[in-house]
């Protein structure tokens, strides 16, 4: 048992935990982060080996259920058409994200006011804007000013090159007169703050061997550790302990040797993602909190939002050099982002360019899709497709719905015997109509760009990258779990700073917003430190 | 982990690989078996739960003299395996693709440099963003918060 009581205990070293720890470090408080994974060794990332493409289906698979690393925990996602994708390590899912790094739109924080759906957030875009800008400097974001889809912003690095593939698709958008813009990408397109410049390796989703991608193990964490934050790896938290007065007392966790330990803290901060955080809260039951900690509203685990994806792939006559360049960063389109009721759904979606996939993935997708035979005919079919494809992903706003939720599985446990999360999720009607619209419009773009054949999958199955809404923020304790800076209504020294706190999902990748919210929470905590528990 | 395949099973596996991924018509590549991938597939499948079933399937094919059968007989045997033991056949196919499409000769024949992406990376030309001119002329697309 640990005797030391730390000032601040952060659970999870991913996107939000890193940003929060860095920001809070200038208080010189005693800050400790517990992370169930370990530091990653970039020398061992797949892109340094010939089997880079194969390992994307093995030890770097998107789903923890397929990957089965020691740091992973299983997720029962049998009750969802969208499977959860996450990574557990210092850096969390930023290790394997595409680094597509857009901001939300101003309207995303007021969906009830604008469109009569979802709920308004207890803060607005203007309040978050300085934290977006700070986060973009810290993560090293590349992009181009002047995008008419956003209020003006300046990013520290020039955009990633589109390559032959991206320029081909951009011309398709231009032929239709539709919006597109180079992606905001957390990728160092030039040397930046000790990070080497991107080499266009391609497989960003299996870690960046060059260190050019802005994962928090190479951005916030080195700076936070230099400022005195302690980071303990291989530590899986089982539950949050509560004092007699109802305040959080610390956590029980298993260390890297599997030994059960207790860590006391004055302030506990959860940064475990939209599935891990409700899992931990629901597993922290006591007489006072029989339904799980901080769950007086009954909303812990509810309103789970993914972004349903439509993946649409066009096959082109010419080769596109598609494996060269950041796989998920190139261009995006917000032509259909804001509500237009004539489309048959509310809110909207964005498009994100998907570059080509490697030879192994091409073969496996071809086998699954039934268009690639083995034996005679294999090479001809393969050759017609490999490096001849460009994809568009329609990222649809998911509305909060109570029945979409995370609970504890009654049977499935992780390697330490802790109940695994179970997901119950079904697509809403609005999402279904949006997916259909997105798939049809993506097909139009790809055909306008010259595609001879278009294949689509909607919803994309293993695409639950964005985990949001399961401990939402709000002003009223009956209708939300935390306030506008992540403080739990029920437990005043317990904070939540990951995607769980999202009220609505927007229609873009959420990492920039997650981190901006974490920085805002840390800054507000610092301002209120003197009277935090008065 | 399972033991390595017996020699007759491994030579049968090599013949099977040549059927799954035959020589290319342009003569640039032999079949997957002739490329020497049987050892790699043997090793890669040794930790698979399906390995015992795969070994049994290969032993059965070997007992029928698969390696010396005609092209049409081999095709019929493999189609029967795919129908009777789809999980085993699928696992075999996945491992065959994995071994084949990571082999430097195959990668080079696909028009890619026969090396990992890192550390050399790739040169992607800078983009001429005059492509954006029509987009720059548009009015704002967002709603003020």
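Protein chains in written order, with the working numbering: chain W, 1 to 534; chain U, 1001 to 1145.
Using N, Cα and C, we set each Cβ at its ideal position, and we do this for glycine too.
Nearest to residue 320 of chain W by C-alpha distance, out of U:1130, U:1125, U:1141 and U:1022, is U:1125. Selection W:461, W:192 and W:519 evaluated against residue 80 of chain W yields W:461 as nearest (Cα-Cα). Of all residues in the stretch 164-195 of chain W, only 164, 166, 167, 170, 171, 173, 174, 177, 178, 179, 180, 181 and 182 place a beta-carbon less than 9 Å from a beta-carbon of chain U.
Contact of residue 360 of chain W with chain U by beta-carbon distance below 7 Å involves 1097, 1098, 1101 and 1102. Burial is judged here by how many other beta carbons sit within 10 angstroms of a residue's own beta carbon; residue 1136 of chain U has fewer than 16 and is exposed. Ranked by Cα distance from residue 74 of chain W, the first of W:305, W:442 and W:412 is W:412. Taking the Cα of residue 436 of chain W as reference, the smallest distance to any Cα among W:134, W:349 and W:173 is reached at W:349.
In the same chain as residue 52 of chain W, and ignoring 5 residues on each side of it, the C-beta atoms closer than 6 Å to its own belong to 46 and 203, in chain order. Three or more beta-carbon pairs separated by less than 8 Å are not found between the stretch 48-65 of chain W and the stretch 279-295 of chain W, which leaves the two stretches without contact. When secondary structure is reduced to three states using DSSP, residue 204 of chain W falls in the helix class.
Taking C-beta atoms under 8 Å as the contact rule, residue 269 of chain W and residue 20 of chain W qualify, at a distance of about 6 Å. DSSP links residue 309 of chain W through a beta bridge to W:395. Of all residues in the stretch 1111-1128 of chain U, those with a C-beta nearer than 9 Å to a C-beta of chain W are 1111, 1112, 1114, 1115, 1116, 1117, 1118, 1119, 1120, 1121, 1122, 1123, 1124, 1125, 1126, 1127 and 1128, reading in chain order. For residue 110 of chain W, the neighbours in chain U by C-beta distance under 9 Å run, in chain order, 1143 and 1145. Chain-ordered, the chain W residues with CB closer than 9 Å to the CB of residue 1025 of chain U read 379 and 380. By the Cβ-count criterion, residue 130 of chain W is exposed, with fewer than 16 other Cβ atoms from all chains shown falling within 10 Å of its own Cβ. Bridge pairing for residue 5 of chain W: W:264 [DSSP]. By the C-beta criterion, the stretch 403-412 of chain W is judged not to be in contact with the stretch 317-335 of chain W, since fewer than 3 inter-stretch pairs fall below 8 Å. Of all residues in the stretch 422-436 of chain W, none has a C-beta nearer than 8 Å to a C-beta of chain U. For residue 49 of chain W, the C-beta contacts it makes with chain U under 8 Å involve 1116, in order along the chain. For residue 1140 of chain U, the nearest CB of chain W lies under 7 Å from its own CB, placing it at the interface with that chain. Our two residues, residue 311 of chain W and residue 382 of chain W, have alpha carbons roughly 20 Å apart in a direct line. Along the stretch 198-215 of chain W, going in chain order, the ones with a CB nearer than 7 Å to a CB of chain U are 199, 200, 201, 202, 203, 209 and 210. Between the stretch 188-199 of chain W and the stretch 22-38 of chain W there are fewer than three inter-stretch CB-CB distances shorter than 8 Å, so the stretches are not counted as touching. Within chain U, the residues placing a beta-carbon under 8 Å from that of residue 364 of chain W are 1094 and 1097, ordered along the chain. The three-state reading of DSSP puts residue 441 of chain W in helix, counting H, G and I together. By the neighbour-count criterion, in which a residue is buried when 16 or more other Cβ atoms sit within 10 angstroms of its Cβ, residue 139 of chain W is buried.
For residue 31 of chain W, the beta-bridge partners assigned by DSSP are W:8. Taking a beta-carbon distance threshold of 7 Å, residue 1073 of chain U does not count as an interface residue toward chain W. Along the stretch 305-339 of chain W, the positions whose C-beta sits under 8 Å from a C-beta of chain U are 319, 321, 323, 324, 325, 334, 335, 337 and 338, read in chain order. Here the C-alpha atom of residue 512 of chain W lies approximately 11 Å from the C-alpha atom of residue 214 of chain W.
Judged by their CB atoms, residue 54 of chain W and residue 1127 of chain U are not nearer to each other than the 7 Å cut-off. The beta carbon of residue 1120 of chain U lies closer than 8 Å to those of 1113 in the same chain, with the five residues before and after it left out. DSSP, reduced to helix, strand and coil, places residue 81 of chain W outside both helices and strands of the structure shown, so it counts as coil. Residue 495 of chain W carries a strand assignment under DSSP once its states are collapsed to helix, strand and coil.
With fewer than 16 neighbouring CB atoms inside 10 Å of its own CB, residue 402 of chain W falls in the exposed class.
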